[in-house]
Structures are given as structure tokens and as C-alpha cells.
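Everything below concerns the one structure shown next.
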Amino acid sequence: MKSYVLNIIQPVGEVPPPEVLEPIMARLAEVRRDLERQECWVFGRGLEQPEASTVVCMRGDEMIATDGPWTEGKEHIGGLAIVKVKDLDAALKVAARFTQVTGLPIEVRPFLGEG
Amino acid sequence: MIERVFREEHGRAVAVLVRVFGDVDAAEEAVQEAFAEAVRRWPREGTPAAPAGWIITTARNKAIDRLRREAARAGKYAQAVLLNAAEPVEAAAVEDDRLRLIFTCCHPALGMEARVALTLRLLGGLSTAEIARAFLVPEKTMAQRLVRAKAKIRDAGIPYRVPEEGELPGRLSGVLAVVYLVFNEGYGGREELGAEAVRLGRVLRELMPDEPEVLGLLALMLLVESRRGARRRDGELVLLADQDRGLWDRELVEEGQALVRRCLQIGRPGPYQIQAAINAVHGDAARAEDTRWDQVLQLYDQLMVVATSPVVALNRAVVVGEVRGAGAALELVEGLHLGRYYLFHAVRADLLRRLGRDAEAAEAYEEALRLTEDEAERAFLRRRRAAVSG
Chain A
1 MKSYVLNIIQ
11 PVGEVPPPEV
21 LEPIMARLAE
31 VRRDLERQEC
41 WVFGRGLEQP
51 EASTVVCMRG
61 DEMIATDGPW
71 TEGKEHIGGL
81 AIVKVKDLDA
91 ALKVAARFTQ
101 VTGLPIEVRP
111 FLGEG
Chain B
1 MIERVFREEH
11 GRAVAVLVRV
21 FGDVDAAEEA
31 VQEAFAEAVR
41 RWPREGTPAA
51 PAGWIITTAR
61 NKAIDRLRRE
71 AARAGKYAQA
81 VLLNAAEPVE
91 AAAVEDDRLR
101 LIFTCCHPAL
111 GMEARVALTL
121 RLLGGLSTAE
131 IARAFLVPEK
141 TMAQRLVRAK
151 AKIRDAGIPY
161 RVPEEGELPG
171 RLSGVLAVVY
181 LVFNEGYGGR
191 EELGAEAVRL
201 GRVLRELMPD
211 EPEVLGLLAL
221 MLLVESRRGA
231 RRRDGELVLL
241 ADQDRGLWDR
251 ELVEEGQALV
261 RRCLQIGRPG
271 PYQIQAAINA
281 VHGDAARAED
291 TRWDQVLQLY
301 DQLMVVATSP
311 VVALNRAVVV
321 GEVRGAGAAL
331 ELVEGLHLGR
341 YYLFHAVRAD
351 LLRRLGRDAE
361 AAEAYEEALR
371 LTEDEAERAF
381 LRRRRAAVSG
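Protein sequences, first through last, are from chains A and B.
Letter by letter, the first sequence follows residues 1 to 115 of UniProt numbering.
Letter by letter, the second sequence follows residues 1 to 390 of UniProt numbering.
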């Protein structure tokens, strides 16, 4: 078994209104329940908007925290899920379900060191 | 002799070893070593009765030796692989492995360039230098491309298996696209690639004899290949209508046509089969003027339904020109958005010429010349332009 992170790639901008978002969230929960039944679900959550993020880095010896710098990008990671499945094909199948529900592209990326 | 065995058996040997050892790099290295040993021993000891089996067994033993050495350090994983590796290899399993290898090399998670390089390297047994030469890139670039592709197979967990029935059509068309791309590179003048694509096409037919699109692609390649000897004269491109049909390779024509007939029996047409059928119609015509253009047009109408694209529409327009005249064809061509494709301008120029609109034709030939670098095509276009420039 291999672990993959599924990054949901979201365009920067307005968040859809609740009446659009709610049915999507309900269907995502359904996908999650399926994956839990198949014992390949590890973790998954949506993320707050990039304005809520903070970046920590070193300037010389000093540690500084700055307001999230990602706003100049056109897209950001809107949420992620971690699944544990047999191979890339299985991971792509899960990603396909998320894409179908959200209409958003998903980056499927393997974790390091499980080759 | 060893060279031939190398080309023919490389795919088989690598395919088996990938399954046994679960790693493309280890498999490839072991097969290389086995061939190196063949080069040393065969001339002295004679060629073994079953060269392919010898290569696979020797490669497997080399890989086992290496794993034993590593197992002392690496521990359990290598030991587990060693247990599997000692099993004898059965002939039927070899063919299954070869099929797995094809689908892994052509996995959609790999970029098209990587798929082509991997297929030629692992399945075709071409050296990195040969592939680099064929695609006009430095050997170092090609070597890096192969290393990256193999690393992605390993790190991303691209499976070594034949797709399930439900996903097979989609995945198979990806495999066929790789082979056809190799073939078209060959059409552009690099003959070794044309021959290699035909060979890969034959391997696919061997492995999937009931998939009509597999047969269709092989038929298409054979029929196009049959005209190779007639396609150029004194370094200049010769159009189908002007080719000396005596130079066509009749054996390839007949083999291609037999495959097209087999496809018709199966009765599940697809884009490659239809294109093959179009070429089979040309193969039937002893002289250009005997061509059954009505049949060709019917087939293009079918092709537009299953695989519509501006390029197909352009080719169909050429056929309309034969059936209904240059005026009708030009009307279709003018509606296409293919301004950056040299053949669009070449076709348009030819239609304008036939309609007596010489000045416009000359301009269109000029535009086509700006968009192609192929010397044979340029020679042809220059001569046509001169003819209408008066």
C-alpha cells in the first residue's frame, strides 16, 4: 500500500454561496464514507482561504512570521485528503471522484519513501 | 545475430524481470548484463538453442546475484524478492508480462515524450543514443528523460498490470497513440522509427489479436509504409496521385488489406481501422485515375463521426475536391482554422491553382513554404509555386 495526498486546487477568489457549497459538501462526505468502508481513508479536510495563512521563515538567525504570501498566485490548495491505496491507478480513481463532485482539478502526489 | 536477438527479445526479458524484481531499473540493468555476457560467450560457445530463454535466465541470475549481495545489507525486502525470483518462468506468463510492460510504459500519468522514450527503450530495445538521434535531441537529454520517467514509475506507484476491462479502451488508445507517434516521426524521414513502429505494431497484434483498433493501426502503418519507395523522387516529395505505383511494396499492401478485411469481419470500427480502410482503397487502384473516390469519401464521413478534427476535415476536403470539384473543396477548406499548419496552405494553394486563381495560389504556396522545414516538401512546394507564378 502507498499513501498519496490529494491536493484540491482551487482558484483564488469568491467562495461559492452556501446553496452551491452545501450539496457539494454532502457528496464529498459520501465519498469519504465510501473510502472509510474500503479502509483507504487516512485524513481529509478543507482549508480556510489563503488570507488566513501565515508563513514562518528564518531571516538570518531570527525567526519571523509574515502574513501569507500566496495571494499573488492564481490558485491555492483549497483542501486535501490523504489516502492509502494499492497503486497510482487506485489513487487516480479516488481523485476522479473528488474532481467529479467539486469540478476542481486535483494534484495526486505520493509520499516520499514508500517506493 | 546477437544484435537481432537483442532487439527482438529485449522487451520480453525486461518485462519478465520487472515482474520478478518489481523495479524497472534493476530489470534493465540485469538484461544489459545478460546481453553483454552473450556477446562474450556466444561467439565462442555457439548460440544457445533458445536464445530468448538464455537471456531471461542469465538476466535473472545476474539480478539474483546482485540482490544476494544487497540482501546482506538491505535485509527483508530483498530476501522476499529473492524467494519469488527463484521460480521458473513460463512462456505464457512472459507474454502477459510484455503486455503489462506496454501499459506501464504508456501510462497516462507519464508525459507523451516520456512514454515514447520508455516504449522504444524498454519494449523496443533501442539504445538511449539511438532514441536521442531519432528524435534529434542530445543523448544526455534523452538519458535524463528516461531516468525521470523510470523514477516516476517507481515513486508514484504506477502499477505493473494490464488495465481492467472497463478502462481498457481508454488506456489502449493511449498505447496506440504512442506507436502511431513513433510511426509518424518515421514518416518525417527517420526511417528506422517507421520500421520500429511497425515492429511494435506487430508485437501489439501478437498480444491483443482480437482488438480491432490494434489490427487497424498495424494495417494503417503497413499500407502507408508500402508506399515509402514511391514517396520521394530526387529528394522531392511525390504526391499520391503522381507516384509510380510499381514501386509500392505489394506484399505490405496485401498484408495491410488482409488486416482491414479482418477488421470488417469483427465489425467494431474505430479511427485507425477507418484510416487503414482509406489507405486500402488506394492500394486497390492500379492507376491514380482508378481510385474509388466515392468509397474514400464515405470512409472520411465515417471518420468525421468517430474522430472529428480540423486535420481530418482538411483531408476530407481534398477528397471532396476529387468527387465534386475544386470549388466545393475550397469552400470547405476556407471554413477551417488551421492557419499555422503548412498542409492547410498547401491544400488551399492546390485548389486555387486548379480554379485558375494563380496569384492567390502563389501566395498560399509561399505561406506553406514559411511553415515547413522538410526539404522534400519544400522542393515540391517551390516547384508548384514557380508553375503558378508564370
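All C-beta atoms in this analysis are idealised placements derived from N, C-alpha and C, irrespective of residue type, glycine included.
- By the 16-neighbour rule on beta-carbons within 10 angstroms, A:ALA96 is exposed.
- Nearest in C-alpha terms to B:LEU237, of all of B:ALA317, B:ARG382, B:PRO138, is B:ARG382.
- B:SER173 sits in a helix when the DSSP states are folded into three classes.
- Under the rule that a run must span 3 or more residues, the beta strand (DSSP E) segments found entirely inside the segment 4-56 of chain A read 41-46.
- In this structure, B:VAL203 lies away from B:GLU225, with their beta-carbon atoms at least 8 Å apart.
- Residue environment analysis places A:LYS93 among the exposed positions, since fewer than 16 neighbouring C-beta atoms fall within 10 angstroms of its C-beta.
- The DSSP assignment places complete alpha helix (DSSP H) segments of no fewer than 4 residues inside the segment 229-279 of chain B at 250-266, in order along the chain.
- Below the 7 Å Cβ cutoff, chain A contributes LEU88, PRO110 as neighbours of B:ALA156, in chain order.
- Put simply, the backbone Cα of B:ARG384 is about 7 Å away from that of B:TYR365.
- For B:ALA117 against B:ALA149, the beta-carbon gap comes to about 7 Å, under 8 Å, which counts as contact.
- The distance from the Cβ of B:ALA346 to that of B:LEU332 is about 15 Å, inconsistent with a contact at the 8 Å cut-off.
- Distances from the CA of B:ALA13 to each of B:VAL24, B:ILE55, B:PHE103 were compared; the closest alpha carbon is that of B:ILE55.
- Below the 7 Å Cβ cutoff, chain A contributes ASP87, LEU88, ASP89 as neighbours of B:PRO159, in chain order.
- Contacts with chain A at 8 Å (Cβ-Cβ) do not include B:ALA26.
- Per DSSP, A:PRO105 has no beta-bridge partner at all.
- Contact with chain A is absent for B:ALA149, since none of that chain's Cβ atoms lies less than 8 Å from the residue's Cβ.
- Per the coordinates, the alpha-carbon of B:GLY11 lies some 13 Å from the alpha-carbon of B:ALA93.
- By DSSP's assignment, A:LYS84 forms a beta bridge with A:SER3.
- At a cut-off of 8 Å between C-beta atoms, B:ALA379 does not count as an interface residue with respect to chain A.
- If you check each beta-carbon in the segment 161-191 of chain B against every beta-carbon of chain A, none falls closer than 7 Å.
- When C-beta atoms of the segment 202-218 of chain B are compared with those of the segment 229-244 of chain B, fewer than three pairs fall below 8 Å, so the two segments do not count as touching.
- B:THR372 carries a coil assignment under DSSP once its states are collapsed to helix, strand and coil.
- Identification of chain B residues near A:LYS2 by a Cβ-Cβ cut-off of 7 Å yields GLY157, ordered along the chain.
- For the set B:VAL253, B:ALA258, B:PHE103, B:ILE266, the Cα lying nearest the Cα of B:ALA285 is the one of B:VAL253.
- Residue contact with chain A for B:ALA109: present (Cβ-Cβ distance below 8 Å to some residue of chain A).
- Each of B:SER127, B:ARG69, B:ARG133, B:TYR160 was checked against the Cα of B:ILE102, and the nearest Cα belongs to B:TYR160.
- With a cutoff of 8 Å on beta-carbon distance, B:VAL179 and B:LEU193 are scored as not near each other.
- For B:LEU330 against B:LEU355, the beta-carbon gap comes to about 7 Å, under 8 Å, which counts as contact.
- Contiguous alpha helix (DSSP H) elements confined to the UniProt domain "RNA polymerase sigma-70 region 2" (6-71) of chain B occur at 24-45, taking only those with 4 or more residues.
- DSSP places A:ASP67 inside the beta strand (DSSP E), whose first and last residues are 62-67.
- As computed with DSSP, B:PRO159 is found in no beta bridge at all.
- Put simply, the segment 98-115 of chain B does not touch the segment 63-70 of chain B. Fewer than three CB pairs are less than 8 Å apart.
- With fewer than 16 other CB atoms across the displayed protein chains lying within 10 angstroms of its CB, A:GLN38 is exposed.
- When DSSP states are grouped into helix, strand and coil, B:MET1 belongs to the coil group.
- Contact annotation: the segment 13-23 of chain A does not touch the segment 102-113 of chain A, with fewer than three C-beta pairs closer than 8 Å.
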